[in-house]
Amino acid sequence: MPAPLKVYAYSGCDTCRRAVRFLQEHHLEHQIVPIREQPPTPDELRRVLADLGGDLRRLFNTSGRDYRDLGLGPRLKTLTPDEAIELLSRNGNLVKRPCVVTATGGLTGFQEDVWRQRFL
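Residue numbers 652 to 771, in this note's numbering, belong to the letters of the sequence shown in order.
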């Protein structure tokens, strides 16, 4: 039996609620972790980043207030992966949600067709 999916989510996020509903409807074992209070670890973020083809931007919640307040838009291209991961692991508001971590990788955001291919 595969390990449960670790889903970093925010309860006030409609996209997160849709993702959780998808998991429940398809009886996929999962663990919800409050992303703001407990962001993904650097190791988890590295696994997700590898699964995202190394695209740092896909790890970030680019529409969030913290992202804008920190001026990360123009800075993102100059951040090393280690710098970005350190920043994300300290501030869950910066992480694109939901962020799903598996034993071997993960993904960010919720697109039902992508989730169907990946988890069903």
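Note that beta-carbon positions come from the ideal geometry of N, C-alpha and C, so glycine has one too.
Limits of the beta strand (DSSP E) - the one that residue i falls within
i, result
"Val751", "Cys750 to Val752"
"Tyr659", "Leu656 to Ala660"
"Val684", "His681 to Pro685"
"Leu758", "Gly757 to Thr759"
Top-ranked residue by Cα proximity to residue i, from the options
i, options, result
"Gly760", "Pro749, Thr713, Phe770 and Gln768", "Pro749"
"Gln762", "Tyr661, Ala660 and Arg669", "Arg669"
"Thr755", "His677, Thr666 and Arg697", "Arg697"
"Arg767", "Thr666, Leu674 and Ala660", "Leu674"
"Ser740", "Ser714, Gly705 and Glu688", "Glu688"
"Leu771", "Val671, His678, Arg672 and Cys667", "His678"
CB of residue i within 7 Å of CB of residue j, strictly
i, j, result
"Gly794", "Pro693", "Limits of the chain in this structure are 652 at one end and 771 at the other, which puts residue 794 out of reach."
"Glu695", "Pro655", "no"
"Leu758", "Val751", "yes"
"Ile686", "Tyr661", "yes"
N- and C-terminal bounds of the alpha helix (DSSP H) containing residue i
i, result
"Leu738", "Pro732 to Arg741"
"Phe770", "Glu763 to Phe770"
Cut-off 8 Å between Cβ atoms - residues of its own chain near residue i, not counting five sequence neighbours on either side
i, result
"Cys664", "Arg748 and Pro749"
Neighbourhood of residue i by C-beta, 7 Å cutoff - its chain only, sequence neighbours within 5 removed
i, result
"Pro732", "Leu700 and Leu707"
Beta-carbon contacts of residue i that lie in its chain and below 6 Å, excluding the five residues immediately before and after
i, result
"Val658", "His681, Ile683, Pro749 and Val751"
(message) Does the segment 726-738 come into contact with the segment 699-714, if we say contact requires no fewer than three beta-carbon pairs (one atom in each stretch) closer than 8 Å?
(response) A contact exists between the segment 726-738 and the segment 699-714.
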